[in-house]
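Let me begin by presenting the structure, written as structure tokens, before commenting on it.
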Amino acid sequence: MSVILYNDTFLTREQGKVDMEDRGYQFGDGIYEALRVYNGKMFLLDLHMKRLARSARELRLTLPYDTDHLAENLDKLIKENKMENGYVYFQITRGAIARKHRFPEKPISCVLTGSVEETSQDEDLHAEGIKASLVDDIRWLRCDIKTLNLLGNVLANQDAFEKGADEAILHRDGVVTEGSTCNVFIVKDGTLITHPANHFILNGITRIFVLELANRLGIPVEERTYTTEELLNADEAFITSTGVRVTPVVQIDDHLVRDGKPGQITTRLLDAFNQDVDQFITETLV
């Protein structure tokens, strides 16, 4: 029987109930984070908490308690579930009140819920590469906030799935933004290129970490917009996310990326990422 976090209390999943007028349920009025857990410890925790705090500020949403206390509760949640490897997910909504679009006139209590999902350490890795599909980006213009409003992402991901692809790569009028569940990178002439972290994309935690790895490895980086034509003519392409780390994209619709095999720079970044994960796991054993 799994244990969940509800506000500041630990309950069984069966005991966890959210009011039907919760603004997260009615409007998607809330924020969330999902963290990878290795050997019972949360990976890149500080970066996730900083992004959570930013998302809360952008939505003018007051956290129910500070991020240090939240991190302590999430750690307890992992221990309560005796989870070694997997994900911890949590979301915070503005709370429950009679349905009106505008913010409540009087402060109400935010609702925080958290849960875990156990997986193997490397379950989501696809070092051999995946197929992606190009899909129009129909989402709103504040994709930089990690909100519960994900219907545009859901529709894009379903569109890609029905085309036989593993992921959707989104574009606005021919300019690549990101994936439905990830950030997107290309490599051209030895340079790593990715969309700048503005309102059109979510600044992924793995995206940030991969840019740090590229700097460490001496790989030139350009944060700039690029077109679907540039994507299709790239030497390499890959996606990044908390789940898939660095995953090569070897085919986009009917088009092979270069020779249809993972590229050298993509492989170097994945190897470096895996080494950091292994080091993190080793440190948790001490």
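With the first letter of the sequence shown counted as 1, position 10 gets the number -7 in my numbering; the numbers rise by one all the way through. Heads up, the beta-carbon is just placed ideally off N, CA and C, and yes, glycines get one too. Quick caveat: nothing in here was measured; it's all calculated off a predicted structure.
Provide the residue span of the beta strand (DSSP E) that contains Tyr72, from first to last.
Taking the first residue of the sequence shown as 1, we reach residue 72 at position 89. Note, Tyr72: beta strand (DSSP E), Gly69 to Thr76.
Is it buried or exposed for Thr(-8), if we count other Cβ within 10 angstroms and need 16 for buried?
Against the sequence shown, residue -8 aligns to sequence position 9. Counting the other Cβ atoms within 10 Å of the Cβ of Thr(-8) gives fewer than 16, which makes it exposed.
Do Thr230 and Leu117 come within 7 Å of each other at the CB atom, strictly closer than that value?
For this step, residue 117 is matched to residue 134 along the sequence shown. For this step, residue 230 is matched to residue 247 along the sequence shown. Cβ distance not < 7 Å, so Leu117 and Thr230 don't count as in contact.
Please classify Lys62: does DSSP put it in a helix, a strand, or coil?
Taking the first residue of the sequence shown as 1, we reach residue 62 at position 79. Lys62: helix per DSSP, three-state reduction.
Of the residues Leu268, Thr164 and Ile113, which one's Cα is nearest the Cα of Asn140?
Start at 1 with the first residue of the sequence shown, and residue 140 comes out as number 157. Nearest C-alpha to Asn140: Thr164.
Pull up the CB-CB distance for Tyr48 and Lys129, whole angstroms please, since I reckon it's below 8 Å.
For this step, residue 48 is matched to residue 65 along the sequence shown. For this step, residue 129 is matched to residue 146 along the sequence shown. So it is not a contact: roughly 19 Å between Cβ atoms.
Identified DSSP bridge partners for Lys0
Mapped onto the sequence shown, residue 0 falls at position 17. Lys0 is not bridged to any residue.
Less than 7 Å between the beta carbons of Ile235 and Ala115, yes or no?
For this step, residue 235 is matched to residue 252 along the sequence shown. For this step, residue 115 is matched to residue 132 along the sequence shown. Closer than 7 Å, so yes.
Comparing C-alpha positions only, which one of Gly201, Gly157, Ile75 and Asp29 sits nearest to Arg40?
Counting from 1 along the sequence shown, the entry for residue 40 is found at position 57. Minimum Cα distance to Arg40 is reached at Ile75.
For the beta strand (DSSP E) containing Gln234, name the first residue and the last one.
Along the sequence shown, read from residue 1 onward, the residue named residue 234 stands at position 251. Element bounds for Gln234: Arg228 to Ile235.
Under three-state DSSP, which class holds Phe192?
Mapped onto the sequence shown, residue 192 falls at position 209. Phe192: helix per DSSP, three-state reduction.
Under the three-state DSSP convention, the category Asp259 falls into
Within the sequence shown, numbered from 1, the residue matching residue 259 stands at position 276. Reduced to three states, the DSSP call for Asp259 is helix.
Relative to the C-alpha of Val137, which candidate in Leu153, Arg125 and Phe10 has its C-alpha closest?
Counting from one through the sequence shown, the residue named residue 137 turns up at place 154. Checked all of Leu153, Arg125 and Phe10; the closest Cα to Val137 is Leu153.
Given a threshold of 16 other Cβ atoms within 10 Å of its Cβ, counted over all protein chains shown, does Asn166 qualify as buried or as exposed?
Translated into the one-based positions of the sequence shown, residue 166 becomes position 183. With 16 or more other Cβ atoms within 10 Å, it is buried.
By Cβ distance below 6 Å, which residues in the same chain neighbour Met32 in space, the five residues on each side in sequence not counted?
Position 49 of the sequence shown holds residue 32. The residues are Thr50.
Alpha-carbon spacing of Val1 relative to Ile80, whole angstroms
Sequence index remark: in the sequence shown, residue 1 carries index 18 (1-based). Sequence index remark: in the sequence shown, residue 80 carries index 97 (1-based). Each residue's Cα considered, the two are about 12 Å apart.
For the alpha helix (DSSP H) containing Asp49, list its first residue and its last residue.
Taking the sequence shown and counting its residues from 1, the one referred to as residue 49 is at position 66. Looking at the DSSP string, Asp49 is not in any alpha helix (DSSP H), and its letter there is neither H nor E.
Between which two residues does the alpha helix (DSSP H) harbouring Thr211 extend?
Taking the sequence shown and counting its residues from 1, the one referred to as residue 211 is at position 228. Thr211 -> alpha helix (DSSP H) spans Thr211 to Leu215.
Cβ-Cβ separation, Val20 to Tyr(-11) (assumed contact under 8 Å), whole Å
Here the question's residue -11 lines up with position 6 in the sequence shown. Here the question's residue 20 lines up with position 37 in the sequence shown. The Cβ separation is near 20 Å, so there is no contact.
For Glu219, verify whether its CB is less than 6 Å away from any heavy atom of the ligand HEM.
The ligand HEM is absent from the structure shown, which contains no ligand whatsoever.
With Lys114 as the anchor, note down where its beta strand (DSSP E) starts and where it stops.
Your numbering for residue 114 matches position 131 in the sequence shown. Taken as a continuous stretch (DSSP letters only), the beta strand (DSSP E) holding Lys114 covers Ile113 to Asp119.
Nearest by alpha-carbon distance to Asp172: which of Ala148, Arg241 and Leu108 is it?
Numbered from its first residue, the sequence shown carries residue 172 at position 189. Minimum Cα distance to Asp172 is reached at Arg241.
For Thr266, three-class secondary structure by DSSP
On the sequence shown, residue 266 is found 283 positions in, with the first residue counted as 1. The displayed chain sequence assigns Glu, not Thr, to residue 266. If DSSP states are grouped into helix, strand and coil, Glu266 belongs with the helices.
Note down the Cα distance separating Glu248 from Val170, rounded to an integer number of angstroms.
Here residue 248 corresponds to residue number 265 of the sequence shown, with the count starting at 1. Here residue 170 corresponds to residue number 187 of the sequence shown, with the count starting at 1. The amino acid occupying residue 248 in the given sequence is Ile; Glu does not appear at that position. When rounded, the distance between both Cα atoms is 8 Å.
For Phe256 and Arg228, believed in contact at Cβ under 8 Å, the rounded distance
By 1-based counting over the sequence shown, the position of residue 228 is 245. By 1-based counting over the sequence shown, the position of residue 256 is 273. That belief holds up - the Cβ atoms of Arg228 and Phe256 are roughly 5 Å apart, short of 8 Å.
Which residue comes first and which comes last in the beta strand (DSSP E) that contains Val94?
Residue numbering aside, residue 94 sits at position 111 when the sequence shown is read from its first letter. Its beta strand (DSSP E) spans residues Val94 to Glu101.
Using the DSSP secondary-structure output, state which residues sit across from Val159 in a beta bridge.
What you label residue 159 is simply residue 176 of the sequence shown in a count that begins at 1. His154, per the DSSP bridge assignment.
Are the CB atoms of Val159 and Leu196 nearer to each other than 7 Å?
Position 176 of the sequence shown, counted from the start, is the residue given in the question as residue 159. Position 213 of the sequence shown, counted from the start, is the residue given in the question as residue 196. Not a contact, by the Cβ cut-off of 7 Å.
For my contact list, Phe168 and Ile176 are in at a C-beta cut-off of 8 Å; report their separation, rounded to the angstrom.
Indexing the sequence shown from 1 puts residue 168 at position 185. Indexing the sequence shown from 1 puts residue 176 at position 193. Right, the Cβ-Cβ distance comes to about 7 Å (below 8 Å), so this counts as a contact.
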